[in-house]
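> Below is one structure. I have some questions about it.
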Ligand code: 4AD
Ligand code: MG
């Protein structure tokens with residue numbers, strides 16, 4: 475009876491050295507001569523070089539491998555052998571193979587090793603995901619998300635997810651996507667789960683929500699998507715300082731996990747990991763006032779009272795090897811819900827965390843207004859419809875307490891971890907001003 479071959483994944487090849495195994499995957503690349511072929515097999519967990527020798531294989535099997543086209547699907551049987559020169563440290567000596575679907579010559583796989591240009595690759599995003607670099611990015615993303623959840627799950631936060639269809643604006647009315655709901659009612663795709671998070675924090679103490687959020691941003695920057703994932707913690711009985719501490723702990727924890735578990739991927743991305751190794755507490759903390767002063771010294775045209783642009787954020791972060799926390803922005807450039815500073819009420823008790831290396835704002839948050847009258851005044855000043863916020867005002871009527879939280883954008887964070895030029899590669903199917911397909 476022939477020796478049976480266990481189905482394994484390439485990621486685990488190292489623990490099967492010397493064994494007969496079976497791997498199911500796709501042809502990534504092929505080098506060949508008349509007597510030997512080296513199919514590079516990928517299976518979603520990694521890439522493995524296989525060695526098919528004509529003289530030791532069935533003629534038909536050897537020919538089918540030798541003539542295989544890129545991205546054809548196949549199942550290979552063979553023995554794993556340690557090979558220090560091979561990427562990953564192992565190879566597979568082919569003993570048998572079955573082609574599942576051969577990509578016809580007439581319709582070859584569109585993405586070849588040559589340079590393709592971003593638009594072409596974006597149009598073929600459903601296939602581009604198979605390439606080594608995209609694979610590495612999405613695996614880092616998964617690690618980031620897993621670490622975020624672990625941080626909150628093990629630090630006393632209850633997950634309470636918030637709705638996507640919402641009747642009210644959270645982050646200003648200019649970036650709302652409107653949806654036709656039933657009976658001609660207009661609702662919006664959520665910009666942030668924060669308002670509901672505040673209600674949930676009054677019920678559970680410490681909560682977080684984690685889901686897709688939407689902004690009708692007409693800006694074409696390398697940091698903006700119209701659909702992005704945001705994790706948002708919210709805590710009852712919390713001040714701005716508590717918010718900053720959680721933000722700092724979260725970032726340090728998540729960066730640590732990426733460094734611990736995604737070395738191979740960071741290497742594939744040629745990420746300078748020494749930059750990430752600097753991300754340790756405490757982070758520098760500066761005020762908006764200080765930030766404006768620094769920016770003006772560096773030649774920025776910013777005036778006190780203005781918001782920072784992407785270039786300003788980059789200028790600010792270049793002085794530090796780790797994220798910098800900027801707090802107390804003028805209330806006039808912030809959302810309606812920020813608690814004012816007790817000493818200088820024209821300032822908001824809010825904080826933005828700017829990532830190093832020019833990756834910009836990865837976290838925004840702060841302390842919320844807990845006083846009913848002040849909140850009512852702010853809703854009026856921002857021309858927000860009172861009836862849509864009645865339930866939110868209830869939180870200030872029934873046991874109101876100081877509270878706060880923040881939002882961290884997953885894609886900005888992943889772009890930073892991976893060292894990417896543009897945010898569009900951090901999510902499988904990016905949604906942007908000019909990109910809604912595939
Ligand atoms: O600063 P933002 O707008 O804050 C809020 O939405 C608060 N309600 C969150 C809260 O306090 N619960 O957004 C938070 C973060 C930003 O720091 C950024 O990382 C990300 O969300 N973000 C975006 N990411 C990609 N594309 C966009 N258009 C983004 N807008 C914000
Ligand atoms: Mg912000």
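Residue numbers (the numbering used here): 475 to 912. Where is the CB? At the ideal position from N, CA and C, for every residue including glycine.
(1) Any heavy atom of ligand 1 closer than 6 Å to the CB of residue 837?
(2) If you count every other CB in all the chains shown that lies within 10 Å of the CB of residue 617, and 16 or more means buried, which is it?
(3) Within 10 angstroms of the Cβ of residue 698, are there 16 or more other Cβ atoms? Answer buried if so, exposed if not.
(4) With distance defined between alpha-carbon atoms, name the residue in 779, 807, 639 and 487 nearest to residue 562.
(5) Given this structure, state the Cα-to-Cα distance separating residue 766 from residue 694, to the nearest angstrom.
(6) Which same chain residues, not among the five before or five after residue 527, have their C-beta less than 6 Å away from its C-beta?
(7) Counting C-beta neighbours from all protein chains within 10 Å, is the total for residue 865 16 or more, i.e. buried, or is it exposed?
(8) Quick check on residue 836: buried or exposed, where buried means 16 or more other Cβ atoms within 10 Å of its Cβ?
(9) In this structure, how does DSSP classify residue 817 when only helix, strand and coil are distinguished?
(10) Beta-carbon separation of residue 721 and residue 880 under 7 Å?
(11) With distance defined between alpha-carbon atoms, name the residue in 505, 514 and 707 nearest to residue 484.
(12) In chain order, what residues of the same chain lie with their CB nearer than 6 Å to the CB of residue 500, ignoring the 5 residues before and after it?
(13) When burial is assigned at 16 or more other CB atoms within 10 Å of the CB, is residue 817 buried or exposed?
(14) With DSSP as the reference, label residue 665 as helix, strand or coil.
(15) State yes or no: is the C-beta of residue 918 within less than 7 Å of the C-beta of residue 672?
(16) Kindly indicate which three-state DSSP category residue 536 falls into: helix, strand or coil?
(17) Taking the beta carbon of residue 840 as the centre, do at least 16 other beta carbons fall within 10 Å, making it buried, or is it exposed?
(18) Residue 605 to residue 776, Cα distance in whole Å?
(19) If you count every other CB in all the chains shown that lies within 10 Å of the CB of residue 859, and 16 or more means buried, which is it?
(20) Judging by CA-CA distance, which residue of 551, 493, 723 and 739 is the nearest neighbour of residue 917?
(21) Do residue 706 and residue 665 have their beta-carbon atoms positioned less than 7 Å apart in this structure?
(22) Using the C-alpha atoms, what's the distance from residue 640 back to residue 749?
(23) According to DSSP, what are the bridge partners of residue 761?
(24) Does the count of Cβ pairs from the region 717-733 and the region 595-609 closer than 8 Å reach three?
(25) Just to confirm, does residue 699 get its C-beta within under 6 Å of one of the non-hydrogen atoms of ligand 1?
(26) Just to check, is the beta-carbon of residue 608 closer than 6 Å to a non-hydrogen atom of ligand 1?
(27) Kindly indicate which residue of 804, 565, 696 and 682 has the alpha-carbon position closest to the one of residue 778.
(28) Considering only the alpha carbon of each residue, which of 800, 789 and 610 lies closest to residue 518?
(29) Going by C-alpha distance, which of 828, 645, 686 and 900 is nearest residue 761?
(30) Following the continuous beta strand (DSSP E) through residue 506, name the residue where it begins and the one where it ends.
(31) Between residue 822 and residue 810, how many whole angstroms is the CB-CB distance? I'm expecting something under 8 Å.
(32) Mind checking residue 898: buried by the 16 CB within 10 Å criterion, or exposed?
(33) I'd like to confirm something about residue 806: is its beta-carbon nearer than 6 Å to some heavy atom of ligand 1, or not?
(34) With three or more C-beta pairs closer than 8 Å as the rule, is the region 645-652 touching the region 590-604?
(35) Who pairs with residue 826 in a beta bridge, going by DSSP?
Let me spell this out:
(1) Taking the chain shown and counting its residues from 1, one reaches residue 837 at position 363. Correct: residue 837 has its Cβ closer than 6 Å to ligand 1.
(2) By 1-based counting over the chain shown, the position of residue 617 is 143. Flag for residue 617 reads buried.
(3) Here residue 698 is taken as the residue at index 224 of the chain shown, counted from 1. When all chains shown are included, residue 698 counts as buried.
(4) For the purposes of this step, residue 562 is taken as residue 88 along the chain shown, with counting starting at 1. Checked all of 779, 807, 639 and 487; the closest Cα to residue 562 is 487.
(5) Stepping through the chain shown from its first residue, residue 766 is reached at position 292. Stepping through the chain shown from its first residue, residue 694 is reached at position 220. Near 25 Å, if we compare the C-alpha coordinates of residue 694 and residue 766.
(6) Here residue 527 corresponds to residue number 53 of the chain shown, with the count starting at 1. So the qualifying residues of the chain are 510.
(7) Position 391 of the chain shown, counted from the start, is the residue given in the question as residue 865. Answer is exposed; the Cβ neighbour count stays below 16.
(8) Counting from 1 along the chain shown, the entry for residue 836 is found at position 362. Its Cβ being crowded by 16 or more others within 10 Å, residue 836 is buried.
(9) As a position in the chain shown, residue 817 is number 343, starting the count at 1. Here residue 817 sits in coil by DSSP.
(10) As a working mapping, residue 721 is identified with position 247 in the chain shown. As a working mapping, residue 880 is identified with position 406 in the chain shown. Against a cut-off of 7 Å, the Cβ pair of residue 880 and residue 721 comes out as a contact.
(11) For the purposes of this step, residue 484 is taken as residue 10 along the chain shown, with counting starting at 1. Nearest of 505, 514 and 707 to residue 484, Cα basis: 514.
(12) Working through the chain shown from its first residue, we reach residue 500 at position 26. Closer than 6 Å at the Cβ level, and outside the excluded window around residue 500, lie 516, 545 and 547.
(13) Within the chain shown, residue 817 is the residue found at index 343, counting from 1. Result: exposed.
(14) Here residue 665 refers to the residue found at position 191 of the chain shown. Secondary structure of residue 665 (DSSP, three-state): coil.
(15) There is no way to answer for residue 918, as the model of the chain reaches only from 475 to 912.
(16) One-based indexing of the chain shown puts residue 536 at position 62. Note: residue 536 maps to helix in three-state DSSP.
(17) As a working note, residue 840 is residue 366 in the chain shown. By the neighbour-count rule (16 or more Cβ atoms within 10 Å), residue 840 is buried.
(18) Reading the chain shown from its first residue, position 131 is the one you call residue 605. Reading the chain shown from its first residue, position 302 is the one you call residue 776. Cα to Cα, the separation comes out at about 42 Å.
(19) For the purposes of this step, residue 859 is taken as residue 385 along the chain shown, with counting starting at 1. Its Cβ having fewer than 16 others within 10 Å, residue 859 is exposed.
(20) This structure does not reach residue 917, given that the chain is present from 475 up to 912, and the question cannot be answered.
(21) Translated into the one-based positions of the chain shown, residue 665 becomes position 191. Translated into the one-based positions of the chain shown, residue 706 becomes position 232. No.
(22) Numbered from its first residue, the chain shown carries residue 749 at position 275. Numbered from its first residue, the chain shown carries residue 640 at position 166. So the alpha carbons of these two residues sit roughly 40 Å apart.
(23) As a position in the chain shown, residue 761 is number 287, starting the count at 1. According to DSSP, which records beta bridges pairwise, residue 761 is partnered with 801.
(24) no
(25) Reading the chain shown from its first residue, position 225 is the one you call residue 699. Flag set: Cβ of residue 699 near ligand 1.
(26) Translated into the one-based positions of the chain shown, residue 608 becomes position 134. Because no heavy atom of ligand 1 lies under 6 Å away, the Cβ of residue 608 does not count as near it: no.
(27) Numbered from its first residue, the chain shown carries residue 778 at position 304. For residue 778, the nearest C-alpha among the options comes from 804.
(28) Within the chain shown, the letter at position 44 stands for residue 518. Among 800, 789 and 610, the Cα nearest to that of residue 518 belongs to 610.
(29) To locate residue 761, count along the chain shown from 1; it is residue 287. Closest option to residue 761, Cα to Cα, is 828.
(30) Position 32 of the chain shown, counted from the start, is the residue given in the question as residue 506. Residues 494-506.
(31) Along the chain shown, read from residue 1 onward, the residue named residue 822 stands at position 348. Along the chain shown, read from residue 1 onward, the residue named residue 810 stands at position 336. Not quite, the Cβ-Cβ distance comes to about 10 Å (not below 8 Å), so this is no contact.
(32) Translated into the one-based positions of the chain shown, residue 898 becomes position 424. Residue 898 comes out buried.
(33) The sequence position of residue 806 within the chain shown is 332, counting from 1. Result no, Cβ not under 6 Å from ligand 1.
(34) Verdict: no, contact absent.
(35) Walking along the chain shown from the start, residue 826 turns up at place 352. In DSSP, residue 826 forms a bridge with 800 and 838.
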